[in-house]
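Protein chains: 2
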Amino acid sequence: MTRFEPNLRIPGPVGLPPSVRAAGGRQMINHRSPEFAAMLVRVLDRMRPFFGTDNDIAILSCSGSGGMEAVVVNTISPGDRVLVLSIGSFGDRFAEVATAFGANVTKLDFEWGTAADPAVVRAHLAANPGYRAVLITHNETSTGVINPLAELAAVCREVQPEALILVDGISSIGAVPFEMDAWGVDVAVTASQKAWMSAPGLAMVAASRRAWHAMETTTGPRFYFDLRAHRKAHATGETPWTPAVAAFFQVDEGLRLLEQETTAGVFARHLACAAATRAAIAELGFPMLAAPAHASKTVTAVLIPDGLDWKAFNAAVTRRGIVLAGGQGKLTGKIFRVGHLGSATVEEILGVAAAFEGALIELGRPVTPGAAVAAAQRAALASAAAPVAEEK
Amino acid sequence: MTRFEPNLRIPGPVGLPPSVRAAGGRQMINHRSPEFAAMLVRVLDRMRPFFGTDNDIAILSCSGSGGMEAVVVNTISPGDRVLVLSIGSFGDRFAEVATAFGANVTKLDFEWGTAADPAVVRAHLAANPGYRAVLITHNETSTGVINPLAELAAVCREVQPEALILVDGISSIGAVPFEMDAWGVDVAVTASQKAWMSAPGLAMVAASRRAWHAMETTTGPRFYFDLRAHRKAHATGETPWTPAVAAFFQVDEGLRLLEQETTAGVFARHLACAAATRAAIAELGFPMLAAPAHASKTVTAVLIPDGLDWKAFNAAVTRRGIVLAGGQGKLTGKIFRVGHLGSATVEEILGVAAAFEGALIELGRPVTPGAAVAAAQRAALASAAAPVAEEK
C-alpha cells in the first residue's frame, strides 16, 4: 500500500511540482490560436537564457532521442565524416543515430565513468582533419559524468574551426550553466522531462547562426524533425505539426518556477543536491563511478559494492518510497543511479540518505543511524556557502 | 471574461473528459517499471479492437504527422514507386512525406470535398502496374470527407495485390468502424488527440504481418521512428525511448471510457453527432463541402456563404464559447470546420447549433430561434433509431 507519492529519483522523468501537475491536467486549447502563440513565445523567451543563446530554438513534440535525431538529420549529410566523443550509453546512442542516417562515424571512446579528455580530443582532431561535425554528450546520464564542454568546444573550434559542434544537453541544460554562444556550440538539445520539471514529450533544439545556415544544404531526408519548418512556424506562434499541448502547459509552468528561483538559484540547488548525494553515498561506503572532478550535477552513478544483494537492497529502498534507476548497457547490474535534477530538493536527497540507512540496517550491514543524513546535510550546507564555481 | 470551458469544436485536439484531465495531472512514474508495463499492455490490448487487428501495434511519442513519417520510412525504400490517393491537405501531406524520403510518388488527386473514386483507382492501378504501396487517407480532416476505405483497399488488393496499403486513420480510427485485417490494410496510424480523447503526443501505428516482414528489407534510414525497435521493446513492456508518460496516462483513461461505452456505442455517438451537425448547418442555410454519401463522421466542413462576414461570425460564435477551426491550404477563408470526434456529445452539438443561431441573429440574418437546434435534435434522434449501417 503506497500512501504517499514516491521520491522519484530516476534521472528523468523527474517528479512534477504540484503546479506543473495541475498544468498537465488542463483542458485542451486550439493549438492554432493567440493563446497558444503567446505560450510558445513565453516558453522560447524564458528558455533562451538557460541555453545561453540569442539564437532561435525549435520545440519538437518527441522525447530526447527524437531531439538527437533532429540534431543529426538537420546538420549531417549522408557520407559526412563526423567524430563522436562517447563516454557512455548516450554517447553511443548519438553515434548510432549518426550512423543510421549515413554519416561516416568515428567514435572516440573514453572509459565509462571518466570524462572526455581535451588533450586526447586535440590530438585526434589534429591528426584527422576534415570532420563535418563533432558530437558531444554534455552530461552522460548512464555514468553520472559531466564533460568539460567549454574546454572541449574550445579545442574543436581551435583545431577544426569548420566542424559543427553538436551537443546532447538533454540532462544538463536548465540544471547547470550552459553558454552555447560563448562556448561556440552549434546545436544543443534538451528535453521536457529533465531540468524543465515536466512530463516527457517535448525536445528543445537550439542552433547557432552557422548551424541554421548549414541546414539549408544538408542533403539527407527529413520531415517531422525538419528544424527549418519549426523555426518558420514558431515565427508566427505555431508549430508545423500538432504540438504536445499538455507538455507545453507543463514546460510553461516549469519555466515560471525556474525563473522565480533565478538561474543562480537553480544551479546552486543542483550543486547542493549533487554534493549531498555524493556525501551520503560516500558515508555509507559505496564507491562511485565518477571521480569528483567530473561528477555529474544531475545524476550520481553508484557502484554496487561486492557482497551487497542489489535486488534485496532495491526492494528495501523501494518499500521506503525511493525509486532508483538501475544501470544501462554494460553497466546493468553493476551500478544504480540516483537522479537529482529538475525538481530535486536537498530535502528529498536527505530522504534518500535516510532510506538508504534504513535499508542497509535492515539488511544487517553496520550503519550508524543518522550518519549518512548528517554527511549529506553538511555537504549541502557547504555547497550553499561556497562561492559558485564556474561550471563548464 | 471566460467563465466556463469553451466548447472546443476543432477536429483535434479534442476536449478532454474530466477523468482524462485528471490522468494528465498525475505524478510521473518510472517508465521502466512494472506499473508502466502493465499500462502499456492495457493500452495495446484495448486499442486493437478499434484497429480491427490481431497484429502488433507500436506507440510512438510524437504527433500524427510523426506517425505518418513512421509509416513511410518503415515500409517504403528510396526509389520505390508509390501511389498516393489525395482528397485534401492530409493526402497531400502523405505525398509530401513519401517524397521527402525519396519515394517516386504518383499522386492521384480527387476534387477537394469528394472522396476517392474506386473506379478511377482501379483503372489507374490497372494501367500502372508495380507500385510498392498505395497511401490512402481514411478520413480527410481538411475537407470533412471519409473515403470508402474498404472498397478502395479491395480494389488495391485485387489489381495490385503486392502493393502495401498504408492508411492515415488519424482522425477516423476509434471513432468509426475500422477493420484493418478484414479490409487488407497493411499499416494504419492514429493519434492520441483524436478519438482517444487525450492530449496530443502519441501516435499509434498498427501493421499487418506482411508489413512487419517488409520492414526488414526497407532500405531507408530510420531511428526514432523505427517500428521494429518499438515492437521489440513493447514485448517487454517498454518503449525504446522515453515515452510521453502523461499522454499514456490519458490514453489509458480514454480507452477505459471508450470500453465502458462499447465500440457500438462510440460509433453510434459519432454518427449521431455528425447527423446533428449537418442537420443544424443545413437548417441555417449553409452549404457543406462534402456530399452526404461521403461526409465525415468526425468533422464537418462548411462553406462560408457569400455575404457572410466570416470574421464577424467567428467572433460572435467565439463569444458564445464555441471554438471552430478555419480552412487549411487552398480552403483557407473559404470554409470553417466543426469537429465532432473523440469526446463529442450530441449535447455539445446542440450547443453549437444554438450558438450559431444566436450569432447569426446578432449579425442580422433571418434565423428562426430554435430551428437549427430542433433540426439537430431530430437528426440525432433519427440516427439513434436507425439500424447501424456498415461504415466503410
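Protein chains in written order, with the working numbering: chain A, 566 to 957; chain B, 566 to 957.
By construction, the Cβ of each residue, glycine as well, lies at the ideal position given by its N, Cα and C atoms.
Since the structure is predicted, the reported quantities are computational estimates derived from the model, not experimental observations.
Q) Considering only C-alpha positions, which residue in the set B/G929, B/A951, B/E913, B/P576 is nearest to B/V938? A) Comparing Cα-Cα distances from B/V938 to each of B/G929, B/A951, B/E913, B/P576, the minimum goes to B/E913.
Q: Indicate the three-state DSSP secondary structure (helix, strand or coil) for A/K759 in the structure shown.
A: Coil, per DSSP.
Q. Along chain A, in chain order, which residues have C-beta atoms closer than 7 Å to that of B/Y789?
A. Those are C627, S630, G631, E634, listed as they occur along chain A.
Q. What residues in its chain sit with their C-beta under 6 Å from that of A/A944, if we drop five residues either side in the sequence?
A. Closer than 6 Å at the Cβ level, and outside the excluded window around A/A944, lie A840, A841, A844.
Q: Figure out for me which residue from B/F851, B/A909, B/F921, B/A794 has the closest Cα to the Cα of B/A623.
A: Of the candidates B/F851, B/A909, B/F921, B/A794, B/A794 places its Cα closest to the Cα of B/A623.
Q) Considering A/A829, what are the terminal residues of the alpha helix (DSSP H) in which it resides? A) Element bounds for A/A829: 828-848.
Q: Report the neighbours of A/N620 on chain B: residues whose CB is nearer than 8 Å to its CB, in chain order.
A: Simply none; closest approach about 24 Å.
Q.
As a quick exercise: from A/H596, A/D619, A/E927, pick the residue whose alpha carbon is nearest that of A/A747.
A. With distances taken between CA atoms, A/A747 lies nearest to A/D619 out of A/H596, A/D619, A/E927.
Q: For the beta strand (DSSP E) holding A/V750, just list the boundary residues, first then last.
A: Per DSSP, A/V750 lies in no beta strand (DSSP E) segment and is marked neither H nor E.
Q. Name the chain A residues that come within less than 8 Å of B/H596, Cβ to Cβ?
A. Simply P578, P765.
(Q) Does A/V887 come out as helix, strand or coil in the three-state DSSP assignment? (A) For the record, residue 887 of chain A in the displayed sequence is Ile; it is not Val. Residue state, collapsed to three classes: strand.
**Q.** Interface residues of chain A facing B/E590 [CB-CB closer than 7 Å]
**A.** Just to set this straight, residue 590 of chain B is Gly in the shown sequence, not Glu. The answer, in chain order, is R586, A587, G589, G590.
Q) Three-state secondary structure (DSSP) at A/V932? A) Collapsing the DSSP output to three states places A/V932 in coil.
Q. Is A/K957 helix, strand or coil when you go by DSSP?
A. Caution applies to A/K957, whose pLDDT of 43 falls short of 50 and renders its modelled position unreliable; the value that the coordinates give is listed next. DSSP, reduced to helix, strand and coil, places A/K957 outside both helices and strands of the structure shown, so it counts as coil.
Q | Residue-chain proximity (B/A881, chain A), Cβ-Cβ < 8 Å | A | Judged by the 8 Å Cβ criterion, B/A881 is not in contact with chain A.
Q.
Taking the alpha helix (DSSP H) that A/D610 belongs to, which residues open and close that run?
A. Element bounds for A/D610: 599-616.
Q) Looking at the C-beta of A/V888, does it have a partner C-beta in chain B at a distance below 8 Å? A) Closer than 8 Å to some Cβ of chain B, the Cβ of A/V888 qualifies, so yes.
**Q.** Reduced DSSP category for A/A866 - H, G, I as helix; E, B as strand; rest coil
**A.** DSSP places A/A866 in strand when its eight states are reduced to three.
Q: To the nearest angstrom, report how far apart A/T807 and A/P857 are at their CA atoms.
A: Those two C-alpha atoms are separated by around 43 Å.
Q. In terms of residue numbering, what span does the alpha helix (DSSP H) encompassing A/A684 cover?
A. Per DSSP, A/A684 belongs to the alpha helix (DSSP H) from 683-692.
Q: Check the C-beta distance from A/S707 over to A/L673 and give it rounded, since I have them as a contact under 8 Å.
A: Not quite, the Cβ-Cβ distance comes to about 17 Å (not below 8 Å), so this is no contact.
Q: Using DSSP bridges, identify the partner residues of A/A860.
A: Answer is A/V710.
Q) Where DSSP assigns a beta bridge to A/R646, which residues make up the other side? A) A/N669, per the DSSP bridge assignment.
Q) Would you say the segment 853-871 of chain A touches the segment 699-714 of chain A, given that touching needs at least three Cβ pairs under 8 Å? A) Under the 8 Å Cβ criterion, the segment 853-871 of chain A counts as touching the segment 699-714 of chain A, having at least three qualifying pairs.
Q: Run down chain A in chain order and give the residues with a C-beta less than 9 Å from the C-beta of B/W748.
A: Among the residues of chain A, none has a CB under 9 Å from the CB of B/W748; the nearest is roughly 26 Å distant.
(Q) Residues in the same chain with beta-carbon distance under 8 Å from B/F813, minus the five sequence neighbours each way, listed in chain order, please. (A) If we look at B/F813 and ignore the five residues flanking it on each side, its Cβ neighbours are F601, M604, L605, V608, I624, L767.
Q) At least one CB of chain B closer than 8 Å to the CB of A/I786: is that the case? A) The question names Ile, yet the displayed sequence has Pro at residue 786 of chain A. Closer than 8 Å: yes.
Q. When the Cα atoms are used, what is the spatial distance from A/F743 to A/P583?
A. If I take the Cα positions, the gap works out to 27 Å.
Q) Since B/A715 meets chain A, which of its residues come closer than 7 Å, beta carbon to beta carbon? A) The contacting residues do not exist; B/A715 stays about 27 Å from chain A at best.
Q: Give the secondary structure of A/N639 by DSSP, where H, G and I count as helix, E and B as strand, and everything else as coil.
A: Note: A/N639 maps to helix in three-state DSSP.
Q | Per-residue burial, A/F878 [other beta carbons within 10 Å of its own, 16 or more giving buried] | A | Around the beta carbon of A/F878, a 10 Å sphere encloses 16 or more other beta carbons of the protein chains shown; the residue is thus reported as buried.
Q) Do the CB positions of A/A698 and A/T640 come within less than 8 Å of each other? A) Between A/A698 and A/T640, the CB-CB gap stays under 8 Å.
Q) Smallest Cα separation from B/R834: which of B/H905, B/M593, B/F655, B/T897? A) By alpha-carbon distance to B/R834, the top candidate from B/H905, B/M593, B/F655, B/T897 is B/H905.
Q | Test item: CB-CB of B/V882 and B/F921 under 8 Å | A | For the 8 Å CB-CB criterion, B/V882 and B/F921 form a contact.
Q. Under a CB-based cut-off of 8 Å, is B/W806 close to chain A?
A. Interface residue (Cβ-Cβ distance to chain A less than 8 Å): B/W806 is classified as such.
Q. Helix or strand or just coil, what does DSSP make of A/N704?
A. When DSSP states are grouped into helix, strand and coil, A/N704 belongs to the strand group.
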